[in-house]
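This report refers to the structure that appears directly beneath it.
Protein chains: 2
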Amino acid sequence: MDFTGLSAFALTPLLDDRLDEAAYITIIEKLRAAGVDSIGALGSTGCYPYFSRSERASVLRLATEYSGAVPVIAGIGALRTRDVLWLAEDAQKAGVSAVLLAPVSYHPLTEDEVFDLFATVTRELSVPLCIYNNPNATHFNFSDELFARIAQLPNIGSIKIPPLAAELAPERVSALRAQIPAEIRLGISGDGTAVEALNAGCSVWYSVFGGLFPQAALAISRAAMAGDIVQARQHTAALQPLWDLFKRYGGSLRVIATAAELLGVVKAPCLPAPLQTLQGNARREVAQVIEQLRLTV
Amino acid sequence: MDFTGLSAFALTPLLDDRLDEAAYITIIEKLRAAGVDSIGALGSTGCYPYFSRSERASVLRLATEYSGAVPVIAGIGALRTRDVLWLAEDAQKAGVSAVLLAPVSYHPLTEDEVFDLFATVTRELSVPLCIYNNPNATHFNFSDELFARIAQLPNIGSIKIPPLAAELAPERVSALRAQIPAEIRLGISGDGTAVEALNAGCSVWYSVFGGLFPQAALAISRAAMAGDIVQARQHTAALQPLWDLFKRYGGSLRVIATAAELLGVVKAPCLPAPLQTLQGNARREVAQVIEQLRLTV
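Top to bottom, those sequences are chains S and A.
Anchor point for the first sequence: position 294 equals 294 in the working numbering, and the numbering is continuous, going up by one each time.
Anchor point for the second sequence: position 263 equals 560 in the working numbering, and the numbering is continuous, going up by one each time.
Right, dumping it as structure tokens:
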């Protein structure tokens, strides 16, 4: 698969603490119909480490069944290497086009431990792997040297890097780009500043926003991929009230999950406890921003 | 059960990536024979979040079967509330005397989410619960206000706090002590400075060192519990080369697991991959310190 354009990361909604299959199918079908370039199933937005192995297999079977020709990238991260290997096997059996692996930690990991994890897993793969750096959740941060070491392993297709402040994106992306083989695509996370990283050399936008609002995200990604940075920036700037909510409420997950509940895409509460969607004033703010920006799914 | 004295936290050794039952039984029997006040099964040292539900049930059955009259405290932490409830049920079925719960996180948790987790779990318990604050691994740090709120819930027996620098222990322990009902025991983690917290009002030492070297740990805890702070400090100071290794190698886990391998208590590699015991020079340093301090199990 090509790691380019908009990779839309879907929620994994619950109903009575079990996978809400109907709601998940609806989300995947909307992403397919909108024409996203790929679908991220069981990413951080999809709360992958909160689900059991069998739940994760069910989610991936639904994702590949309802995504049509759109490739599915599946999160296979877990605390234990043994479990990551099992999840990689399950994901491939479900027919995903790529896997996404973050070094989930409880005891802090060393660089050698993370390298060995990727060496062990890539050896068993027949689909490309995206190295997932999400220090805010895994509490492990890749050095560029470690990225470069892992990039030498077989089956590495992409690197997903954390959000970059707009003014830092050009230097950071070109510095990393220079250390990684050209065939490995860099992808940017973080929605409010993604356009700057795309403009600076990232090939793919791994987007939480795009997982719920694919049309609005495609307007940004298509302009950026076509080199129309002015238009891409305008579309992004118009959504500033939403990016402000992401900042205020500790990231995109709770805001997007709350928006999905408010819009009726999923039932409340859609997140696995102890995680909760926003309530009270925060919830009202999300509702106001949805209305103000005329966001629809 | 009483949360007092030495609570010895055992490794959960692997052999070919599966639970090494024989080695685990040996560890538990040694702790029982040494006369520790309680045994911590599947604490952080026992790598609880790396094991499946059925593995964890097996570990707890062995711990309670071979611990004799020594009470077992079982770690029941997991990312998802549903799983914590299942693990609490399994632990109680296995006959543990108390459970230990840390708010394990991937997406950062809010205080309300953590409160609701403890409210949900304590409602289902028939044994006391120890609130486990381990911000280095869970990336959630309890405020004193949250400790006080949770302390109002039923079945709270103890609070396990992170290591304290010797000079900060008196003020910190008395500040927390003042906010928590007297019947809830404070327990200190961190081996090299535990004696200061015990002297300042902690009732129990949740010890990694004691999980492998119970006799040497009992010499410290018995002196401290008897109010002989001078002797407790002397015993602690004599082990300084080991505490230095804990600092140098990112905590106690890898050092203690390496020591257990070197002493033949467990087979190498005993930790669940991607975690690794120390190799090369670091391993030789552990061997030297064991010899220098004449540490035996």
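We put the CB at the ideal spot given by N, CA and C, even for glycine.
Chain S residues whose Cβ lies nearer than 8 Å to that of residue i
i               : result
D413 of chain A : A273, P274, Q276
Delimiting residues of the beta strand (DSSP E) encompassing residue i
i               : result
R482 of chain A : 482 to 485
I477 of chain A : Note, I477 of chain A: premise wrong, no beta strand (DSSP E); not H, not E.
V501 of chain A : 501 to 504
G454 of chain A : 453 to 458
Distance between beta carbons of residue j and residue i, contact taken as under 8 Å
i               : j               : result
S158 of chain S : I184 of chain S : 6 Å
G211 of chain S : T45 of chain S  : 6 Å
L308 of chain A : I324 of chain A : 7 Å
L559 of chain A : V586 of chain A : Not confirmed; about 10 Å, so no contact.
S67 of chain S  : S207 of chain S : Not confirmed; about 16 Å, so no contact.
V501 of chain A : A529 of chain A : Actually they are not in contact, since the Cβ atoms of V501 of chain A and A529 of chain A sit about 14 Å apart, beyond 8 Å.
F306 of chain A : G337 of chain A : 4 Å
A273 of chain S : T378 of chain A : 4 Å
V72 of chain S  : A63 of chain S  : 5 Å
A462 of chain A : T417 of chain A : At roughly 34 Å, the Cβ-Cβ gap does not stay under 8 Å, so A462 of chain A and T417 of chain A are not in contact.
V255 of chain S : L278 of chain S : 7 Å
A497 of chain A : L592 of chain A : Their Cβ separation, rounded to whole angstroms, is 27 Å, which puts A497 of chain A and L592 of chain A out of contact at 8 Å.
Interface residues of chain A facing residue i [CB-CB closer than 8 Å]
i               : result
L253 of chain S : H404
G35 of chain S  : Simply none; closest approach about 29 Å.
D17 of chain S  : R379
Neighbour list for residue i in chain A, Cβ cutoff strictly below 7 Å
i               : result
A137 of chain S : Y403, H404
G250 of chain S : P405
Residue i - containing alpha helix (DSSP H), residue span
i               : result
G35 of chain S  : It is not in any alpha helix (DSSP H) - G35 of chain S carries neither H nor E in the DSSP assignment.
L443 of chain A : 441 to 448
A556 of chain A : 549 to 559
S7 of chain S   : That residue, S7 of chain S, is in no alpha helix (DSSP H); its beta strand (DSSP E) goes 5 to 9.
A273 of chain S : Premise fails: A273 of chain S is in no alpha helix (DSSP H) and is neither H nor E.
V583 of chain A : 577 to 589
K544 of chain A : 537 to 545
N496 of chain A : 491 to 496
L218 of chain S : 214 to 225
CA nearest to the CA of residue i, picked from the options
i               : options                        : result
P425 of chain A : A:D413, A:Y546, A:I373         : A:I373
I156 of chain S : S:L168, S:E113, S:G35, S:V99   : S:V99
S54 of chain S  : S:T258, S:K30, S:A91           : S:A91
S321 of chain S : S:Y106, S:E111, S:S97          : Look at the range of chain S in this structure, 1 to 297, and you will see that residue 321 of chain S is not part of it.
V266 of chain S : S:A23, S:I161, S:L295          : S:A23
P103 of chain S : S:S58, S:V286, S:I150, S:A194  : S:I150
F147 of chain S : S:G95, S:E285, S:C130          : S:C130
L572 of chain A : A:L384, A:A584, A:G547         : A:G547
P405 of chain A : A:Y429, A:P566, A:A434         : A:A434
D488 of chain A : A:L450, A:P569, A:F510, A:F300 : A:F510
N430 of chain A : A:Y403, A:T407, A:P460         : A:P460
E588 of chain A : A:P538, A:I458, A:N578         : A:P538
L198 of chain S : S:V72, S:P170, S:F115, S:K93   : S:P170
D317 of chain A : A:E464, A:G524, A:L568         : A:L568
A287 of chain S : S:A69, S:V297, S:T258          : S:T258
L101 of chain S : S:Q152, S:K160, S:I220         : S:K160
P13 of chain S  : S:D37, S:S221, S:C47           : S:C47
Y403 of chain A : A:D409, A:K390, A:A391, A:H436 : A:H436
E124 of chain S : S:K93, S:E111, S:E89           : S:E89
G302 of chain A : A:T593, A:L515, A:L384         : A:L515
N438 of chain A : A:E408, A:L414, A:E464         : A:E408
S349 of chain A : A:R315, A:A523, A:S471         : A:R315
V114 of chain S : S:S143, S:L60, S:H235          : S:S143
V59 of chain S  : S:A94, S:V297, S:R32, S:L85    : S:A94
A557 of chain A : A:M298, A:K327, A:D299, A:F300 : A:K327
Contacts that residue i makes with chain S (C-beta to C-beta distance below 7 Å)
i               : result
L376 of chain A : P49, Y50
Under 9 Å from the C-beta of residue i: neighbouring residues of chain S
i               : result
E421 of chain A : Under the 9 Å cutoff, chain S gives no residues; its nearest Cβ is about 14 Å from E421 of chain A.
E410 of chain A : A273, P274, L275, Q276
Neighbour flag for residue i against chain B, beta carbons, 8 Å
i               : result
D380 of chain A : You won't find chain B in this structure, because its protein chains are S and A.
Please go through the segment 49 to 136 of chain S and give each complete beta strand (DSSP E) segment of 3 or more residues, from N-terminal end onward. 72 to 75, 98 to 101, 129 to 132
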